[in-house]
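Numbering (the working numbering), first residue to last: 71 to 699.
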Ligand SMILES: Cc1cc2nc3c(=O)[nH]c(=O)nc-3n(C[C@H](O)[C@H](O)[C@H](O)COP(=O)(O)OP(=O)(O)OC[C@H]3O[C@@H](n4cnc5c(N)ncnc54)[C@H](O)[C@@H]3O)c2cc1C
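Written as structure tokens, this is what we have:
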């Protein structure tokens, strides 16, 4: 009788989803649990630069060479998530590296790089300042971390993995020197999707057997949790608001209940990023980790056509990375102890812009949409050791069988990290199946030729179609093939109803989680930050969901948008925020409550949520909004 180990992957960032995909492709039973939605950690809070490795070529050649290999592999298998822009490295006076030394080091690692004079660099990227005397052209690219992670998760499910979001690991049980079980708690505001334990006959606090395939359950072995039900099998809704639109009808789903469940996998992979030590601590293990917080700013316009990086490691690196119609400017690098310490200093945006406007002066006129922070993590590091990753088998380190923790790396090398972890897990079970993730394209990147052939089929004006296609790749025809009308719901990002409905229906996401729709489609990420389109996205939940559920989902979406805006409120963006408030307070008939935490006791804007903005005048000038420019 065959035996298929059941592996539980903890963490739904790019690393966890890639591990789940790799293991599922190799035929293992996989359950991934993520406490929030996919990309809730560093993956959703990064700059989206697909490193060429050139910036490490001087200091860490093996890392640089791997980086370039992975850059090429991702461009191949995740074509619709990657834009091959090329990039420029501009060394500063403070750098040890020079244009010549970077090019030489790149040659040693087989990374194509070209030394440019200032004039040559400006002909390639006209936004560069006249004062730039030289730069290195490198094969950097841009990558959409949301699209990449979602496509990876989707692929994992296609190979049989189960992805459970809004499911937090709260305990890891160890008995007789082995990990025996994992306790998870489902969020009370989770996915809106049915869960195995919601199905008839299942009970909480139990492992759900999947009796369908006897080959997957060894004699006397642990049982594999059942697969989650698909969209449509939603629990009946509440009907406690008679007479309100969208509130009648017993078939309408409400939020499923929270619940605790004990799973008994054969093996656990801890891929919880900056929280890896906390999660390992649940099993009684401890190990040191390095963490640093990075601030980033999103501009409304796109001041550069390709990533421009200022500085080369070692030392601070600042980069402007174009994404869609915007750019992400980043990142600071400040050590932090707490992975949830995301509220950086009020002057982070100013520090970033002060460094970069000397090289890209147009940034000085850019309207800033939002500031956000992410936490990098990895093993403790010495100079030049950044971007390292470590795979810690707790059998070797702590004498406890059944769990491996992985920390560090970058998004660029996540597939390689996942391959190493999957090799290790398979090796543990004596399984010798080759990794296929370097050659199997992700959903959306399979049939570019077919896609080209159907360009004009869907009656969308070309720019909208092009943007949709950039996001969905070869899935575009399948998603846009709807019976009803397909209006554009978010003009700034060209997102149509069909794409929103596709995101809502995707089993790897949250059925009533509009932030999940946001990360899948980019809707509400434009200049209005949801002001003009969030309610239209929310309206797509009608009539399937009751009004209260829809309002809560809209609140969550706008609150999430608000978090980043409040740190960039001056000039045009302050005016935009005020317009959004007026619009929602008047035409939607409600005073919008920006802080979810204050939902119960506040009906106004939480004014203490604002940053004051930088002081631009003398010492006696009051600090206030809108003073930046
Ligand atoms: C500011 C910044 C800029 C960056 N820029 C780049 C870049 O341009 N290019 C690049 O290649 N890399 C970049 N990186 C690095 C890259 O973002 C990370 O290496 C990568 O996203 C890490 O992914 P991960 O899956 O390992 O971790 P994460 O994305 O953090 O995923 C861990 C997940 O575990 C979940 N979790 C935590 N605790 C629990 C629990 N108890 N139960 C269940 N789930 C749990 C979290 O919610 C989270 O979703 C940047 C990082 C930062 C911070």
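The beta-carbon is built from N, C-alpha and C at its ideal position, and this holds for glycine as well. Since the structure is predicted, the reported quantities are computational estimates derived from the model, not experimental observations.
Checklist entry - What's the gap between the Cα of residue 700 and the Cα of residue 397? => result Because the chain here runs from 71 to 699, residue 700 falls outside it and cannot be looked at.
Checklist entry - Does the Cβ of residue 162 lie closer than 6 Å to at least one heavy atom of ligand 1? => result no
Checklist entry - residue 157: beta carbon under 6 Å from a heavy atom of ligand 1? => result no
Next on the checklist: Using the Cβ count rule (16 or more neighbours within 10 Å means buried), how would you classify residue 506?
Outcome noted: exposed
Item to check | Per-residue DSSP class, three states only, for residue 76 | outcome: strand
Checklist entry - Heavy atom of ligand 1 less than 6 Å from the Cβ of residue 183, yes or no? => result no
Checklist entry - What number of angstroms, rounded off, separates the C-alpha of residue 678 from the C-alpha of residue 414? => result Bear in mind that a pLDDT of 47 at residue 678, under 50, signals an unreliable position, so the model cannot answer this.
Next on the checklist: Output needed for residue 241: all residues of its chain with C-beta closer than 6 Å, excluding positions within five of it in sequence on either side, in chain order.
Outcome noted: 253, 352
Next on the checklist: Please report the distance separating the alpha-carbon of residue 321 from that of residue 246.
Outcome noted: Interpretation of residue 321 is limited by its pLDDT of 44, a score under 50 that renders its predicted location unreliable; the figure taken from the coordinates is listed afterwards. About 48 Å.
Checklist entry - From 118, 91, 79, 121, pick the residue whose C-alpha is nearest to that of residue 101; which is it? => result 79
Checklist entry - Count the other CB atoms within 10 Å of the CB of residue 354; is the residue buried (16 or more) or exposed (fewer)? => result exposed
Next on the checklist: If you reduce the DSSP assignment to three classes, tell me which class residue 340 lands in.
Outcome noted: strand
Checklist entry - Below 8 Å, can you find three or more Cβ-Cβ pairs linking the stretch 141-161 to the stretch 462-472? => result no
Checklist entry - What first and last residue would you give for the alpha helix (DSSP H) that runs through residue 359? => result Careful: residue 359 lies outside any alpha helix (DSSP H) and carries neither H nor E.
Checklist entry - Does the Cβ of residue 238 lie closer than 6 Å to at least one heavy atom of ligand 1? => result yes
Next on the checklist: Nearer than 6 Å: is that true of the beta carbon of residue 103 relative to any heavy atom of ligand 1?
Outcome noted: yes
Checklist entry - To which residues of the same chain is residue 475 closer than 6 Å at the C-beta, ignoring the five residues directly before and after it? => result 340, 346, 350, 462
Checklist entry - Is residue 564 helix, strand or coil when you go by DSSP? => result coil
Next on the checklist: For residue 86 and residue 203, I'd like the C-alpha separation in whole angstroms.
Outcome noted: 42 Å
Checklist entry - Any idea what DSSP makes of residue 114, helix, strand or coil? => result helix
Next on the checklist: Any heavy atom of ligand 1 inside 6 Å of the beta-carbon of residue 380?
Outcome noted: no
Checklist entry - alpha helix (DSSP H) containing residue 86: first to last residue? => result 84-95
Checklist entry - Is residue 154 near residue 211, with beta carbons less than 7 Å apart? => result yes
Checklist entry - Grouping DSSP H, G and I as helix and E and B as strand, with all else coil, what is residue 228? => result helix
Checklist entry - With DSSP run on the structure shown, which of helix, strand or coil describes residue 732? => result The structure shown does not extend to residue 732, since the chain is modelled only from 71 to 699, so the question has no answer here.
Checklist entry - When DSSP labels each residue in this structure, what does residue 379 get in the three-state scheme? => result strand
Next on the checklist: Looking at the strands, I want to know which residues DSSP matches up with residue 447.
Outcome noted: 361
Checklist entry - Got a sec, what are the start and stop residues for the alpha helix (DSSP H) residue 577 sits in? => result Here residue 577 belongs to no alpha helix (DSSP H), and DSSP marks it neither H nor E.
Checklist entry - Could you give the C-beta distance for residue 600 and residue 631, rounded to a whole number, given that I count them as a contact under 8 Å? => result 5 Å
Checklist entry - Just reading off the beta strand (DSSP E) that residue 399 is part of, what are its end residues? => result 396-400
Checklist entry - To the nearest angstrom, how far is it from the Cα of residue 72 to the Cα of residue 359? => result 39 Å
Item to check | Nearest-angstrom Cβ-Cβ length linking residue 77 and residue 337, presumed shorter than 8 Å | outcome: 5 Å
Checklist entry - Leaving out five residues before and five after residue 484 in sequence, what residues of the same chain have Cβ atoms less than 7 Å from its Cβ? => result 84, 85, 88
Next on the checklist: For residue 243, report the span of its beta strand (DSSP E) as first-last.
Outcome noted: 237-245
Next on the checklist: How far does the beta strand (DSSP E) with residue 617 in it extend, from its first residue to its last?
Outcome noted: Premise fails: residue 617 lies in the alpha helix (DSSP H), 617-635, not in any beta strand (DSSP E).
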